[in-house]
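Structure first, commentary second.
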Amino acid sequence: MIKIENLHKSYKMGNNTLHVLKGIDFKVDQGELVAIMGSSGSGKSTLLNIVGMLDLLDEGQYTLDDVIIKDLDETKAARYRNKFLGFVFQSFNLINYKTALENVSLPLYYQGIKRKERQEIALSYLEKVGLKEWATHLPSELSGGQKQRVAIARAMAARPKVLLADEPTGALDTTTSFEVMDLIQKINEEGKTILVVTHEEDIAKMCKRIVRLKDGVIVEDKNVEQVLASKYV
Ligand code: ADP
Ligand code: MG
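Below is the structure:
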């Protein structure tokens, strides 16, 4: 599903160059649930953004679903992104003046789906995340955990092949974090490939595999005994 070979990425800042990723090799198969771990500044988001086609690599090769991601113009990149990838961020990134239902519907609009069908699909995904009753509420009327569940519903409604989550529990308390991880585990059990960036060990253990970044390289890549989040919710 995802293949990264000898990936390098640097940021230029004035006269200085910060070499963030220094030869990353890794593969993710369909149906995996992978945690990307590492301390703050270790390049986790940089890696996820490259996988998410939000940023470009400097060197190496990235293959997504057998397509080599290279020299795509922005239109084509956007098309692949919409077709293949769903995103969940620490700060939810919901549109504040739109209801939960409208937020979940939006990616379907960009897929050219008609209004009525958009609403039906969006509502079914809100139901999946346990928020059907909250469809007409604005983000400001939802708790942090509910907002993240709306964001997950939005990502899933577009039926991506891969779900990318950057610190999805970073802004949530422990119990709410486990609720969100429980949802992520359930979505993974249905077969979705998911990458979760986190710096929290107990969140990483709820994945099936942990990839650890340090000083720009992968220092550990291991399968783990998955801790079920449902034990804690
Ligand atoms: P993490 O997500 O693991 O905390 P990041 O991938 O966000 O780490 O950042 C890795 C390093 O790259 C950090 O030192 C950060 O300051 C730097 N960095 C990230 N994005 C940019 C950017 N757009 N321009 C310059 N430096 C950046
Ligand atoms: Mg980050």
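Mapping of the sequence shown onto my numbering: position 155 corresponds to residue 992, and the numbering continues sequentially without gaps. Using N, Cα and C, we set each Cβ at its ideal position, and we do this for glycine too.
Is the beta carbon of residue i within less than 7 Å of some heavy atom of ligand 2?
i	result
Glu1037	no
Asp1003	yes
Val888	no
Val999	no
Val1034	yes
Between residue i and residue j, is the Cβ-Cβ spacing less than 8 Å?
i	j	result
Val1034	Ser879	no
Phe921	Val871	no
Met838	Arg1049	no
Ile1055	Ile861	yes
Arg986	Leu968	yes
Val1061	Lys1045	yes
Ile1040	Thr1006	yes
Lys846	Asp903	no
Ala972	Val925	no
Val1070	Met1043	no
Quick one: measure Cβ to Cβ for residue i and residue j, integer angstroms, because I've assumed they're closer than 8 Å.
i	j	result
Glu954	Gln898	Between Gln898 and Glu954 the Cβ distance is about 38 Å, and since that is not below 8 Å, they are no contact.
Pro976	Lys984	6 Å
Taking its Cβ as the centre, do 16 or more other Cβ atoms sit within 10 Å of residue i, making it buried, or is it exposed?
i	result
Asn930	exposed
Asn933	exposed
Ile905	exposed
Q | Pocket of ligand 1 (residues with CB nearer than 5 Å to any heavy atom), chain order | A | Tyr848, Val857, Ser877, Gly878, Ser879, Gly880, Lys881, Ser882 and Thr883
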